[in-house]
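Going down the list, the protein sequences come from chains A and B. Just so we're aligned: 199 in the working numbering is position 199 of the first sequence, and the numbers increase by one with no gaps anywhere. Just so we're aligned: 19 in the working numbering is position 19 of the second sequence, and the numbers increase by one with no gaps anywhere. Yeah, the Cβ is synthetic: ideal placement off N, Cα and C, and Gly gets one too. Read the structure below first, then the notes.
Number of protein chains: 2
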Amino acid sequence: MNPAHPATPAAQAGEAAARPGAGASLGQRISDALAQRIVDGEWGPDQRLPVERELAERFGCTRITLREALQQLEAEGRVYRENRRGWFASPPRIRYDPTSIAGFMRYVAEQGRTPRTELLEAVRSGDGLALARRLQLPDAGAEVFVLRRRRWIDRRAVLLETNILRASWAPTLLEHDLAGSLSRVLTGTLGLHLARSRLSIHPASLDPAQAALLQSTVGTPCLRLRRVNYDDAGQVVELDVESWRHDALAVTVEVTAPSAA
Amino acid sequence: MNPAHPATPAAQAGEAAARPGAGASLGQRISDALAQRIVDGEWGPDQRLPVERELAERFGCTRITLREALQQLEAEGRVYRENRRGWFASPPRIRYDPTSIAGFMRYVAEQGRTPRTELLEAVRSGDGLALARRLQLPDAGAEVFVLRRRRWIDRRAVLLETNILRASWAPTLLEHDLAGSLSRVLTGTLGLHLARSRLSIHPASLDPAQAALLQSTVGTPCLRLRRVNYDDAGQVVELDVESWRHDALAVTVEVTAPSAA
DNA sequence: GAGTGGTCTAGACCACCGA
DNA sequence: CGGTGGTCTAGACCACTCC
Chain A
1 MNPAHPATPA AQAGEAAARP GAGASLGQRI SDALAQRIVD GEWGPDQRLP
51 VERELAERFG CTRITLREAL QQLEAEGRVY RENRRGWFAS PPRIRYDPTS
101 IAGFMRYVAE QGRTPRTELL EAVRSGDGLA LARRLQLPDA GAEVFVLRRR
151 RWIDRRAVLL ETNILRASWA PTLLEHDLAG SLSRVLTGTL GLHLARSRLS
201 IHPASLDPAQ AALLQSTVGT PCLRLRRVNY DDAGQVVELD VESWRHDALA
251 VTVEVTAPSA A
Chain B
1 MNPAHPATPA AQAGEAAARP GAGASLGQRI SDALAQRIVD GEWGPDQRLP
51 VERELAERFG CTRITLREAL QQLEAEGRVY RENRRGWFAS PPRIRYDPTS
101 IAGFMRYVAE QGRTPRTELL EAVRSGDGLA LARRLQLPDA GAEVFVLRRR
151 RWIDRRAVLL ETNILRASWA PTLLEHDLAG SLSRVLTGTL GLHLARSRLS
201 IHPASLDPAQ AALLQSTVGT PCLRLRRVNY DDAGQVVELD VESWRHDALA
251 VTVEVTAPSA A
């Protein structure tokens, strides 16, 4: 069971393979054809595709079949949709290293794109917040700040973020500008320090409220990042939940000496 | 713009919110109803749901509408499908920390599940492999080993993995057992050492070949992890591409001193 | 107000799984 | 070989966007 002779390694390495195109379903072939046109640059980044009925006619199929093809491309991250506005070609993914200090505003700009942050809500809450409890804040009664922000890349809302911070840790937080870099406010202006972070990443989908805020539709796949931040005393001081449009992001992590115990 | 008074924080923190259930589309309401039954334990982990036609009749809708509801649940990671075999309730996600030394076999077992690894292919290749070139192996002519493996959790194939290793780095690789932990062979038996890793994670979808190997359907969303491993001299010695069923995995990362420059 | 995407119906045929 | 999921058709209505 060790065929150690040269052979064609099945032409694929866990990546999208060259698609034969034949033998596949109609929806699949239409999806391939559209993908090719996108690669060829027929529709540039963030540019709108023709209306569904026209594409369906062009490919000689039903709208349902055409939409199946588009949903296929959506899953691949090649196109995205805006609710009732149409389908658009996806721009390149933003690379994001959660272990680095750089915040959203900075790394988006560094990759030649235009970031924007919108503060949706900033409140102080002292009641036994269901949120904090569910997110494992140890003492459910502690006062917290809750920030909700929507972040944009170029013309498109790509990210919803909720921060929950222990109020006693950053008492003057709400007096500062929260539409920019939160980490700059915390570590810069307020001189605070985080000792440790625990990050969790998993695919999920947008609920109705999120979909509305991202101009998207319910059930659109997304990537969910959850972070728990600890201070030097090992106490939880911040929780962070991010929901990204799934085609907008590639998480990268640098690991040094991964085999060192 | 700083409403610093107690208020209800919109009842959601970037997580799935309590779903109102009213006002939503039929497919959405059916999806919610099914989700509730799954939570209630009507169908346990890896257990098959009733056939589509029966569910459609039970909910008084078309099969198309029912399938839309199921695809919604699939995107959320609550159910998965096996090609032409039906829909199944998803078991809990496996938590996986790519920065740790533990390999697949170990962390799956540690979480009370049953791991299995299947070697699909193990070849030595010396030609300017398109793969290696596309994956940025610096000297395209270098001899490499290509491993392709399929990995299971309990009764279900969840992961396709391709490893490309510089042959000169681990010359005797193919003589060892490759159906278990690769890292154990490399760092244990062969005494090799990795200095640095660069990991990239992004949502994607399964191509036809992958779908077939995972008993899945083309276009099923997946999570793609790509890793480039360097030795002490800073040379690329291994490439790793993993395609996970997207409901099977939650990537976790421990970061120490995230704000240290 | 025209036209778009979102949703839904009522069928149908086929490929494949499993008995 | 029966039943399943996968695929596709030919419509229809509605809510919403955009002009």
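Cβ-Cβ distances below 6 Å link Arg-198/A to Val-228 in the same chain, with the five nearest sequence neighbours on each side left out; the list follows chain order. Looking at the DSSP output, Val-241/A sits in a beta bridge with Thr-162/A, Arg-226/A. If you ignore the 5 residues before and after Leu-178/B, its C-beta comes within less than 8 Å of the C-beta of Leu-119, Ala-122, Leu-147, Arg-149, Val-185, all in its own chain and listed in chain order.
Look at Ser-31/A here: in three-state DSSP terms it is helix. With 16 or more other Cβ atoms inside 10 Å of its own Cβ, Asn-163/A counts as buried. Under the three-state reduction of DSSP, Gly-86/A is assigned to strand. CA-CA distance, Asp-40/B to Val-158/B, rounds to 25 Å.
Interface annotation, Pro-221/B: in contact with chain A, CB-CB separation under 8 Å. Around the beta carbon of Ile-64/B, fewer than 16 other beta carbons lie within 10 angstroms, which makes this residue exposed.
By the criterion of at least three beta-carbon pairs nearer than 8 Å, the region 235-249 of chain A is in contact with the region 166-174 of chain A.
Residue pairing by DSSP places Thr-117/A opposite Arg-151/A in a beta bridge.
Within 7 Å of the CB of Gln-28/A, the CB atoms of chain B belong to Val-218, in sequence order along the chain. Gln-111/B does not reach chain A, its nearest Cβ partner there being about 14 Å away, counting only Cβ pairs nearer than 8 Å. Per the Cβ contact rule, the region 105-120 of chain B is not in contact with the region 54-64 of chain B (fewer than 3 Cβ pairs under 8 Å). Note on Pro-221/B: 16 or more other CB atoms within 10 angstroms of its CB, so buried under the neighbour-count rule. Listed along chain A are Arg-198, each with a C-beta nearer than 7 Å to that of Glu-254/B.
Under the three-state reduction of DSSP, Ser-197/A is assigned to strand.
By the neighbour-count criterion, in which 16 or more other beta carbons inside 10 Å mark a residue as buried, Gln-71/A falls on the buried side. Distance check between Leu-194/B and each of Thr-256/A, Asp-232/A, Asp-32/A, Thr-187/A places Thr-256/A closest, using alpha-carbon atoms only. Nearest in C-alpha terms to Ser-181/B, of all of Arg-116/B, Asp-97/B, Ala-89/B, is Arg-116/B. If the five residues before and after Pro-203/A are omitted, its C-beta is found closer than 8 Å to the C-beta atoms of Pro-221, Cys-222, Leu-223, Arg-224, His-246, all from its own chain and listed in chain order. Here the alpha carbon of Glu-82/B sits roughly 37 Å from the alpha carbon of Gly-188/B. Counting only Cβ-Cβ distances below 7 Å, Pro-203/A has contacts in chain B at Gly-77, Pro-203, Pro-221, Leu-223, His-246, in chain order. Within the region 47-74 of chain A, the residues whose Cβ lies closer than 8 Å to some Cβ of chain B are Ile-64, Gln-71, Gln-72, listed in chain order. Secondary structure in the region 48-101 of chain A: the alpha helix (DSSP H) runs of 4 residues or longer, each lying completely within the stretch, are 52-59, 63-76 in chain order. Distance check between Ser-200/B and each of Gln-47/A, Glu-254/A, Arg-67/A, Phe-145/A places Glu-254/A closest, using alpha-carbon atoms only. In chain A, no part has a C-beta under 9 Å from the C-beta of Thr-117/B; the shortest such distance is about 13 Å. Measuring C-alpha to C-alpha distances from Tyr-80/A to each of Ala-24/A, Trp-43/A, Thr-172/A identifies Trp-43/A as the nearest. Looking only at Ser-125/B, Glu-76/B, Arg-196/B, the smallest Cα-Cα distance to Ala-248/B is reached by Glu-76/B.
In the displayed model, Ala-209/A falls within a helix according to three-state DSSP. A residue is called buried when at least 16 other Cβ atoms come within 10 angstroms of its Cβ; Glu-242/B meets this threshold and is buried. At least one CB atom of chain B sits nearer than 8 Å to the CB of Pro-208/A. Looking at the DSSP output, Arg-124/B bridges to Phe-145/B. If you look at Val-185/B, you'll find it isn't in any beta strand (DSSP E); DSSP assigns it neither H nor E. The C-beta of Thr-99/A comes closer than 8 Å to at least one C-beta of chain B. The beta carbon of Leu-190/A sits closer than 6 Å to the beta carbons of Ala-170 from its chain, once the five residues preceding and following it are set aside; these are given in chain order.
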